[in-house]
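Novice: Once you've had a glance at the structure underneath, I'll fire off some questions.
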Amino acid sequence: MKKTIFLTVLVMLIGTLAAYNSFKKLDADKLEKSTYDTSQQNTDITVAINEEVITLEPESLTLIYTNAFDKEYIYGKEPHPEMEIHGTWYVIPSLEDIA
133 MKKTIFLTVL VMLIGTLAAY NSFKKLDADK LEKSTYDTSQ QNTDITVAIN EEVITLEPES
193 LTLIYTNAFD KEYIYGKEPH PEMEIHGTWY VIPSLEDIA
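Quick note on the numbering used here: the sequence shown kicks off at 133 and runs consecutively.
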C-alpha cells in the first residue's frame with residue numbers, strides 16, 4: 133500500500149514538474165531514467181508547486197499535497213522531482229544538502 137501511495141504522489145509530482153524542462157537545459161545522457169510507470173497514476177492525490185516563478189537554481193520549493201479522497205494517505209520516502217525529455221522521464225538532480 134505504501135508503495136502505491138508513494139508512486140501516486142511521485143507521478144503527480146512528475147506531472148507538476150514537467151514544465152521545469154523549459155527552465156533548465158540538461159543533457160539527458162547524464163541523467164538517471166525514472167523507474168516509475170505513469171500507468172499507475174492515481175488522481176486522489178495531487179501535488180502542486182506553491183511558487184509562481186521557478187529560477188534556474190531555486191533555494192527552496194514548496195510542494196502542496198491535496199487529498200481529494202476520504203482516505204488518509206501517507207508516504208515513506210521523500211519525493212524526487214522528475215521531468216520529461218523527448219518522451220522519456222528522468223530524475224532531476226538535487227543538491228546534496230537538501231532538506
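Quick reminder that beta carbons are idealized off the backbone N, C-alpha and C, glycines included.
(1) Hey, would you say E164 sits closer than 8 Å to V223, going by beta carbons?
(2) Look at the alpha carbon of L195 and the alpha carbon of I206, and state the distance between them as a whole number of angstroms.
(3) Helix, strand or coil: which one does DSSP assign to K165?
(4) Given this structure, state the Cα-to-Cα distance separating Y197 from E210, to the nearest angstrom.
(5) Mind reading off the beta-carbon distance from L193 to I177? Whole number of angstroms is fine, and I expect it under 8 Å.
(6) Return the first residue and the last residue of the beta strand (DSSP E) that L193 is part of.
(7) Return helix, strand or coil for I137, following the three-state DSSP convention.
(8) Measure the alpha-carbon distance for K203 versus I137 and round it to whole angstroms.
(9) Where do the ends of the beta strand (DSSP E) carrying A180 lie?
Specialist: In short, the structure shows the following:
(1) yes
(2) 15 Å
(3) strand
(4) 13 Å
(5) Actually they are not in contact, since the Cβ atoms of L193 and I177 sit about 18 Å apart, beyond 8 Å.
(6) Taken as a continuous stretch (DSSP letters only), L193 belongs to no beta strand (DSSP E), as it is neither H nor E.
(7) helix
(8) 11 Å
(9) I177 to I181
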